Amino acid sequence: MADSEVEVLTIGHSTQSYEDFLRKLRGARVTAVADVRSAPFSRHFPHFNCEALKEELRTDNIAYVFLGDELGGRPKDKQFFCDGVADYEKMARTETFEKGLDRVIEGTRKYRIALMCSEHDPLDCHRCLLVGRALSEKGISLGHILGNGRIVSHGQIESRLLEMAGRSDGDFFETPQERLIKAYRDRAMKVAYAERNSSVEQRIPAE
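Counting from 1, position 109 in the sequence shown corresponds to residue 127 in my numbering; the numbering is continuous, with no gaps.
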């Protein structure tokens, strides 16, 4: 188990300006950004393109590392899709993913890290539903930087997840852990990356 006193944060760049993004990072005392987008580019917000962002952050004394190959939400291998939708549970069991988590945990020895993706809401994004969940299960304390700059705990996010899934009330036939697993699975099926030829009707997030 990891040291529970270690904290990793997450943030979505969404549509904000670089200045607003930087303000949130500084407000949360972030010293390094780990980019977990599979494709580290933004057509509409070029200041969040990989090289541009890396340079801006360097100027502002914040480190940047790209971990989209290890921790991205858009798998390249067909075996990690279920009914045309990225299967987070399968992805979380790979050696590559585990190595990505290890890099983040090792990085916390030197930096206060924020995992960055594009989605505004943590519950719309694999940084929470896949990477954050896995880190939490390893004993890492996890916080999510919201659009207003407030930081909420992963426990608070999981409570909201259960409510969204209609599983917040006790169930005689299911343990709390079983209800949470199903809530994660339900949400992932709604927001995870979907193949374009999939028969599943859903949006395709820029992860």
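For each residue, glycine too, the CB sits at the ideal point set by N, CA and C. As the structure is a computational prediction, the values presented were derived from the model and not from experiment.
Backbone secondary structure at residue i - three-state DSSP
| i | result |
| --- | --- |
| residue 222 | Low per-residue confidence applies at residue 222: pLDDT is 43, beneath 50, and the placement is therefore not dependable, though the value from the model is reported in the following sentence. In this structure, residue 222 counts as coil in the three-state DSSP scheme. |
| residue 20 | Summary for residue 20: the model assigns pLDDT 49, below 50, so the residue's position carries little reliability; its value from the coordinates is reported in the next sentence. If DSSP states are grouped into helix, strand and coil, residue 20 belongs with coil. |
| residue 107 | helix |
| residue 201 | helix |
For residue i: DSSP bridge partner residues
| i | result |
| --- | --- |
| residue 82 | 51 |
| residue 30 | 135 |
| residue 184 | According to DSSP, residue 184 bridges with nothing at all. |
| residue 160 | 26 |
| residue 99 | 104 |
Rounded Cβ spacing between residue i and residue j (contact assumed at less than 8 angstroms)
| i | j | result |
| --- | --- | --- |
| residue 84 | residue 58 | 6 angstroms |
| residue 50 | residue 81 | 4 angstroms |
| residue 91 | residue 211 | 6 angstroms |
| residue 122 | residue 206 | Going by Cβ atoms, the distance from residue 122 to residue 206 rounds to 20 angstroms, so no, they are not a contact pair. |
Classification of residue i by the beta-carbon crowding that lies within 10 angstroms, buried from 16 upward
| i | result |
| --- | --- |
| residue 142 | buried |
| residue 191 | exposed |
| residue 78 | exposed |
| residue 176 | buried |
Cβ-heavy atom distance, residue i to the ligand COA, below 8 angstroms
| i | result |
| --- | --- |
| residue 209 | Judged by which ligands are present, the structure shown has none, so any question about the ligand COA falls away. |
Exercise. Touching or not, the region 22–40 and the region 128–137, by the rule of three or more beta carbon pairs under 8 angstroms?
Worked result: yes
Exercise. For the 8 angstroms Cβ check, are there 3 or more pairs between the region 93–107 and the region 154–162?
Worked result: no
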